[in-house]
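For the sequence shown, position 133 matches number 365 in our numbering, and the numbering has no gaps at all. Just so you know, even glycine gets a beta-carbon here, dropped at the ideal spot from N, CA and C. Being a predicted model, the structure only gives us computed values, none of them experimental.
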Amino acid sequence: MKSFALASAALFAAVAAKPLQRRNAVTVTEVEWVTQTEYVTEIIDVSTTIYITPGQSVPTVLTSIVPAPSDAQFYEPPSPSPEQPKQTSTPAAAAPPPPPPPAASSPSPAPAPEPKPKPSESKPNPSGSSGSGSGEHSGDITYYAVGLGACGEDDSGKDNSENIVALSSLLMGAQSNGNPKCGQTITIHGNGKSVQATVRDKCPSCTEGSIDVSEKVFKELWGDLGVGRQSVTWSFN
Numbered sequence: 233m234k235s236f237a238l239a240s241a242a243l244f245a246a247v248a249a250k251p252l253q254r255r256n257a258v259t260v261t262e263v264e265w266v267t268q269t270e271y272v273t274e275i276i277d278v279s280t281t282i283y284i285t286p287g288q289s290v291p292t293v294l295t296s297i298v299p300a301p302s303d304a305q306f307y308e309p310p311s312p313s314p315e316q317p318k319q320t321s322t323p324a325a326a327a328p329p330p331p332p333p334p335a336a337s338s339p340s341p342a343p344a345p346e347p348k349p350k351p352s353e354s355k356p357n358p359s360g361s362s363g364s365g366s367g368e369h370s371g372d373i374t375y376y377a378v379g380l381g382a383c384g385e386d387d388s389g390k391d392n393s394e395n396i397v398a399l400s401s402l403l404m405g406a407q408s409n410g411n412p413k414c415g416q417t418i419t420i421h422g423n424g425k426s427v428q429a430t431v432r433d434k435c436p437s438c439t440e441g442s443i444d445v446s447e448k449v450f451k452e453l454w455g456d457l458g459v460g461r462q463s464v465t466w467s468f469n
């Protein structure tokens with residue numbers, strides 16, 4: 233027991249006598265990291281002008297040219313270019329129609345003019361004629377505007393004042409002034425009436441028995457110029 237206590241004391245003494253170990257010094261190193269950012273701007277013209285002629289189709293897809301990135305750490309892509317407007321020809325707008333003219337007041341209807349004399353048409357005489365200056369003749373009667381006749385008399389303006397007749401050239405012959413039949417009178421029968429007229433002219437288009445008269449003679453027989461060509465008989469007085 234005594235030896236155990238001595239051993240413990242010796243051990244305690246040895247431990248107490250052992251010098252303390254010095255703690256190692258700690259070195260602190262501060263490292264400051266610096267980040268450097270490098271920007272590289274490359275200006276690339278990617279706009280394209282397209283001229284379109286009339287009749288040429290317009291391309292709908294345009295290929296954008298993207299350049300390869302450089303060795304820099306960062307790459308900034310180019311901004312998209314705006315779409316180019318299509319150049320198309322626009323037809324000129326049609327001019328507006330002119331305004332309608334103002335409605336004109338309708339004038340009162342003018343009186344219908346009297347029909348002009350119709351030239352006698354050459355056609356066969358259905359009843360025939362005597363073929364001479366005497367006896368009774370038959371044919372068509374028409375009216376005309378009297379004037380300077382083949383007999384040399386100017387009867388202008390006497391359409392409704394004198395009874396004038398033009399005989400067929402086949403009866404009058406080639407002679408004009410001084411013709412023996414000029415100045416003779418004939419009696420015309422038609423429409424149940426009779427009237428006398430004086431020979432003052434020739435009718436080149438009349439058949440041998442047809443006659444051409446002034447408007448006064450025609451109205452005395454038929455009452456109206458609108459009835460047109462009619463059939464008559466006549467003879468020299």
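Subject >> Reference T419, options L399, Q407, S393, closest by Cα >> reply: L399
**OP:** With a 10 Å radius around its C-beta and 16 neighbouring C-beta atoms as the bar for buried, classify D456 as buried or exposed.
**Re:** exposed
Subject >> Through-space distance from Q416 to Q462, alpha-carbon basis >> reply: 23 Å
Original post:
Nearest-angstrom Cα distance between L431 and G367?
Top reply: Per the sequence shown, the amino acid found at residue 431 is Val instead of Leu. Answer to the nearest angstrom: the Cα atoms are 16 Å apart.
Original post:
According to DSSP, is W454 helix, strand or coil?
Top reply: helix
Original post:
What separation, rounded to the nearest whole angstrom, lies between the Cα atoms of L453 and P330?
Top reply: 57 Å
**OP:** Give every residue of the same chain whose Cβ lies closer than 7 Å to the Cβ of D387, excluding the five residues on either side of it in the sequence, and list them in chain order.
**Re:** Same-chain partners within the cutoff: V378, G379, G381, E394, I396, R432.
Original post:
Between the C-alpha atoms of K434 and V459, what's the straight-line distance to the nearest angstrom?
Top reply: 23 Å
Original post:
Can C414 and G441 be called in contact, C-beta distance under 9 Å?
Top reply: no
**OP:** Starting from the Cα of F468, find the closest Cα among H369, S446, N392 and give me that residue.
**Re:** Nearest option by C-alpha distance: H369.
**OP:** Within 10 angstroms of the Cβ of G371, are there 16 or more other Cβ atoms? Answer buried if so, exposed if not.
**Re:** buried
Subject >> Assigned exposure category for S270 - 16 Cβ within 10 Å defines buried >> reply: Before going on, a small fix: residue 270 reads as Glu here, not Ser. Label assigned to E270: exposed.
Subject >> Limits of the unbroken beta strand (DSSP E) element including L399 >> reply: 396-400
**OP:** Give the DSSP-derived three-state secondary structure of V449 in the structure shown.
**Re:** helix
**OP:** Pick helix, strand or coil for V266, following the three-state DSSP scheme.
**Re:** Residue state, collapsed to three classes: coil.
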